[in-house]
Structure formats: structure tokens, C-alpha cells
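Visitor: Going by the numbering used here, the sequence shown opens with residue 10, and the numbers climb by one from there.
Backbone N, C-alpha and C fix where the C-beta goes; we use that ideal spot for every residue, glycine too.
Following this message is one structure expressed as C-alpha cells.
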Amino acid sequence: MQIAFIGVGNMGGGMALNLVNAGHDVRAFDLSPEARGRVTAGGATAATSATDAATDADAIVTMLPAGHHVRAAYEGTLFAAARPDAILIDCSTIDVATARELGEAAATRGLAMVDAPVSGGTAAADAGTLTFMVGGPQSAFAQARPILEQMGKAVIHAGGPGMGQAAKICNNMILGATMVATAEAFVLAEKLGLDAQTFFDISSKASGQSWSMTSYCPVPGPVPTSPANRDYAGGFAAALMLKDLKLAAEAASTAGASTPMGASAQSLYQLLVNNSGGSDDFSSIIRLLRG
Ligand code: NAD
């Protein structure tokens, strides 16, 4: 297939290269020459603009920073440049309202579009092991699925337009809140004189167990692969967790849902990002809680 890939940064770069490796003709466009350089070195063709990438493409994939970039890309050029039978796939993490509106605008134009945000960081993007949560009509999902499968290990249809984003922010709101709770508990255990490994051995097999504890344990030792073992470098940046918690709060306000734990996690991550810049893994919230 001929695939246009718009936004080949930290995540999109690895994803585009997986499509190249699967045998597709990938035409990549990014505002950053460094980002373009990485994918052209891996076998993609550099496009001169988003329109240049999208013209005649069977599929258009976008992986951009935020909702306003995605809206500008589709309303500004991609809707007009897309072939009528192309599938449009936005993998960026953006607000539910924009995703819904763009999905509906595509349908009005007779175009097939899905929102397909991902779970998994840059390592999963490079390895092709992302999880995709997909919103859009069943027929658009069926068209997008084989392409997404070449970049991920799981592709799940969440419902109509915007429901991929809804699933992503609800999931990450749980993740943010459980990480804060897990880090708080490790700090309390420390202060009570309870050894961290012993606490982990008990809680990871008891009702305190969660992904935050068993995959990204916020203290070094119990889970050797967790970012805590490398001073919180890499992993899922605290700034991105804050972004997702803000998107969840925005969606909760629009939907009239009460999310006090999400709000509490958001204010703590805001403090962490203000204090540290937010590039460390989100499990570094434990530093803030230690005081
Ligand atoms: P990034 O900043 O590395 O990449 C975004 C790229 O988009 C940049 O290279 C930028 O130059 C390019 N860009 C911006 N506007 C553009 C435009 N108009 N036309 C063409 N290119 C444009 O960000 P990232 O880490 O790759 O994240 C991308 C998306 O994936 C975000 O929505 C983020 O929330 C989401 N996400 C990231 C991670 C992660 O661990 N990094 C994990 C899950 C989801």
C-alpha cells in the first residue's frame, strides 16, 4: 500500500518504520528535518508537504502532539487531499470532542476515519507492540485494522468516533491515580520501617496489586525493569501523564462526570512537572511524595 505518515517524531518514527518493514511505500511528512531524516534513512520517502504525502495514498496516518495540530492537519489539507476510498487513521492522543468532530466531519465528506490512540511508549512503537484503542464506524475499523496490526500487538474497537480517545484517557486516569496511591503506600511503608521488597512481595499478591506496582514499581529493586532502577529515565514521561489527566478532566467536565481521584492525581502531576520539568518517568511522583 501507499501510506502517508504525518508526524514521525518519537512515536511516529518507529511506527512509520514498522510499516516500511512490512513492505509498504511510506511517504512521511514532518515539520522537523531530524524526524524526517530518521525515517528516510530507514526506507521511507520524504514528502514535501502533508498534501504531497496524502495525494494518491491508500491510507493516511497521523501521529501529532495535540488536538489543534490534528484538527489543522485534517481540516487544513488532509480531508481535501485524501482519495475518496482512503482510510484516515489518527493515532495521536487528543481530546475526545475534537476526535468525535473530526470523525463526523470525515463521514459527512464520505471519508472513512478512525481515532486510534496507543498505549505503550517509544520502545513499543519501535518494536511494533503498541495497543490501539479504536473509535469509528465498524467498516472504517475493518479497513484500518490490518495496518494497525503491523504496528501493534493488540487492536481493539472501542465504539464510534472519539471512543478510542475515551478509552485511552479513562485507562490513563486509572494509571495516574494508581501510581500516586502506590507511591504513597511505598513511602508510608518506608516510614513505618517496612522493607520495600517485603511490602512488594505481599501487596503484589494481595488486593493492592496493580500495573503501577507490578510493571512500573516506583521504588528500585522489586521490578528490575521499572524506570525507578534507572533513576526514572525513559518510560512514560510525567508531562505526558499530565497531558492525559488534563484531557480526562476536560472530558469529565463536558460529560458531567465526577472524577475526584483523577483531579487529585492531576494536581500532583502538575506540581511534579513544575518542579522537575516532567521528562522523567511518571513513577518519579514518589520523589514529590517523599517531600
Ligand atoms: P513528538 O513531539 O516526538 O512527535 C510529534 C511530531 O509531530 C514532531 O516530530 C513534530 O515535528 C511533528 N509535527 C507537529 N506538527 C506537525 C504538522 N503540522 N505537520 C507535520 N508534522 C508535525 O511526540 P510523540 O512523543 O511522538 O507523541 C505523539 C503523540 O503520541 C502525542 O499525541 C502523544 O501524546 C502520543 N503518545 C506518546 C507516547 C510517548 O511515550 N511518547 C505514548 C503514547 C502516546
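Closest to E110 by CA distance: which of G145, P126, D94 and T131 is it?
Guide: For the purposes of this step, residue 110 is taken as residue 101 along the sequence shown, with counting starting at 1. Residue G145 is the option with its Cα nearest to E110.
Visitor: According to DSSP, F141 sits in a beta bridge with which residue or residues?
Guide: Residue numbering aside, residue 141 sits at position 132 when the sequence shown is read from its first letter. Bridge partners of F141: V127 and V164.
Visitor: DSSP three-state label for I103, please.
Guide: Counted from its first residue, the sequence shown places residue 103 at position 94. Coil at I103, not helix or strand.
Visitor: Short of 6 Å in beta carbon distance, which residues of its chain neighbour N238, apart from the five on each side in sequence? Order them along the chain.
Guide: Walking along the sequence shown from the start, residue 238 turns up at place 229. Contacts found: P229.
Visitor: Hey, would you say A68 sits closer than 7 Å to I15, going by beta carbons?
Guide: Walking along the sequence shown from the start, residue 68 turns up at place 59. Walking along the sequence shown from the start, residue 15 turns up at place 6. No, these two residues do not count as a Cβ contact at 7 Å.
Visitor: Going by alpha carbons, who is nearest to H166 out of A186, P126, A133 and G185?
Guide: Counting from one through the sequence shown, the residue named residue 166 turns up at place 157. It is P126.
Visitor: Measuring from the CB of V127, is there a heavy atom of the ligand NAD at a distance below 6 Å?
Guide: The residue you call residue 127 lines up with position 118 of the sequence shown. Yes, the Cβ of V127 comes within 6 Å of a heavy atom of the ligand NAD.
Visitor: Please report how far the alpha carbon of P42 lies from the alpha carbon of G21, in whole angstroms.
Guide: By one-based count along the sequence shown, residue 42 stands at place 33. By one-based count along the sequence shown, residue 21 stands at place 12. Distance between the alpha carbons of P42 and G21: 14 Å.
Visitor: Return the first residue and the last residue of the alpha helix (DSSP H) that R92 is part of.
Guide: As a working note, residue 92 is residue 83 in the sequence shown. Segment: none, R92 is in no alpha helix (DSSP H) and carries neither H nor E.
Visitor: For L197, count the other beta carbons within 10 Å of its own beta carbon; 16 or more makes it buried, fewer makes it exposed. Which is it?
Guide: Locating residue 197 in the sequence shown gives position 188, counting from the first residue. Looking at its Cβ environment, which holds fewer than 16 other Cβ atoms inside 10 Å, L197 is exposed.
Visitor: Grab me the residues of L256's own chain with a C-beta within less than 8 Å of its C-beta, minus the 5 sequence neighbours each way, in chain order.
Guide: Within the sequence shown, residue 256 is the residue found at index 247, counting from 1. Contacts found: T102, I103, D104, V105, Q174 and I178.
Visitor: Mapping the DSSP letters down to three states, classify F245 as helix, strand or coil.
Guide: By 1-based counting over the sequence shown, the position of residue 245 is 236. F245: coil per DSSP, three-state reduction.
Visitor: Can you check DSSP and say which residues form a bridge with Q11?
Guide: Taking the first residue of the sequence shown as 1, we reach residue 11 at position 2. For Q11, which the question treats as bridged, DSSP gives the partners D34.
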